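To convert a position in the sequence shown, counted from 1, into my numbering, add 1263.
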Amino acid sequence: MREVIIGDRIKFKRSKLLLIASVFPLFVFIMNFSDFYLRLDFNRELAQELHTTEWSFLVISCHWAMFIMVPLSITIFASKIVNIEHEANTWKILFALPISKYSIYLSKFIYLFLLCMFSATFIVGSLLFIGIFLDFNGPIPWDLILKQAFYPYIVSFPLMAFQLWVSMVCQNQIIPISLGIIFTLSGFFLQNVKWLFWVYPIWGTPILPSDEFNKVIINTDLSFFFIMSLTVGLLFLIGGMIHFSKRELR
């Protein structure tokens, strides 16, 4: 397993994956920074309407960009990680080595997860920069910022496992990318159908505005989504590993 992870790391160093992983959180940063920089007074008024701090309102605003960015980024990450093998046609070489196919599959998932954590860390830095640069009032809510950056990815465990599965078994990467786009767009309209695993990123936020938009409420459904994410994610991960292990060479 260790040798597989090291081998993948060497491949990924040449693939500009970290640069790609920076693009999506950069998009979130640009959206939020431009919004708050150009409409600072207006956003402060909205924060007052919600009876919350500027920091909390920034977190809420960030979430609406993240629930689009997270599933799309996972889709692209999974496709790029696997397409390195597809394009170079190295599956035969990997399968001929005395290593488990489970190790090959799991190594890809580990790097997919690490790329997501890299993007989440970028989000943390983005939120801190916006708040400090615009001189937000009050102390920095570290707990809130960290949760907002990492929770959407954590509850997206099933989406990571599913997208990796499809990317691994499909030579044509248009298929997994198309599925990822469909999930992203349909998730917005089906967000209240909570058993659909691709809507989990929408609910992976620590706070939400009330329906009346007059206060900020704690997301009490987080525990449910963490449990569902772990359960469904493991099913997809194990199912994908078994399917991949039975793949025949062509």
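All residues carry an ideal CB built from backbone N, CA and C; glycine is no exception.
In this text the structure is predicted, and so the values were computed from the model without any measurement.
Burial is judged here by how many other beta carbons sit within 10 angstroms of a residue's own beta carbon; Y1416 has at least 16 and is buried. In this structure, DSSP gives L1309 a helical state, which the three-state scheme calls helix.
A Cβ-Cβ contact shorter than 7 Å links F1413 with A1383. Separation of the CB atoms of S1473 and P1404 is rounded to 19 Å, and the pair is thereby denied contact status at 8 Å. For the alpha helix (DSSP H) assignment, the uninterrupted runs of no fewer than 4 residues enclosed by the stretch 1350–1414 are, from N- to C-terminal side, 1354–1359, 1364–1396. Taking the CA atoms as reference points, V1462 sits about 16 Å from T1483. Each of L1357, R1302, F1330, E1348 was checked against the Cα of F1287, and the nearest Cα belongs to F1330.
Inclusion of F1507 and K1355 in the CB contact set at 7 Å is not warranted, their separation being larger than that value. Note that the C-beta distance between V1479 and T1315 is below 7 Å. In the three-state reduction of the DSSP assignment, L1453 falls in the coil class, being assigned neither a helical nor a strand state. Cβ contact annotation for L1442 (same chain, cutoff 7 Å, sequence separation greater than five): V1429, in chain order.
Between S1324 and N1295, the CB-CB gap stays under 7 Å.
Beta-bridge partners of L1471 (DSSP): I1480. The count of Cβ pairs closer than 8 Å, one atom from the stretch 1431–1449 and one from the stretch 1341–1348, reaches three, so the stretches are in contact. Contact between the stretch 1389–1401 and the stretch 1298–1314 is present: three or more C-beta pairs spanning the two stretches fall below 8 Å. N1435 counts as exposed, since fewer than 16 other C-beta atoms from the protein chains shown sit within 10 angstroms of its C-beta. Taking all protein chains in view, the Cβ of N1306 is crowded by 16 or more other Cβ atoms within 10 Å, so the residue is classified as buried.
By the criterion of at least three beta-carbon pairs nearer than 8 Å, the stretch 1445–1465 is in contact with the stretch 1490–1501. Classified as exposed, T1353 has fewer than 16 neighbouring CB atoms from the shown chains inside 10 Å of its CB. With contacts defined by Cβ atoms closer than 7 Å, F1376 and L1427 do not form a contacting pair. With fewer than 16 neighbouring CB atoms inside 10 Å of its own CB, I1481 falls in the exposed class. Excluding the 5 residues flanking it on each side, I1408 has same chain C-beta neighbours closer than 8 Å at W1318, V1322, V1387, L1390, L1391, in chain order.
Shown here, Q1434 sits in coil according to DSSP, grouped into three states, outside any helix or strand. In the three-state DSSP reduction, T1447 falls in the helix class (H, G or I). Within 10 angstroms of the beta-carbon of F1385 lie 16 or more other beta-carbons, which makes it buried.
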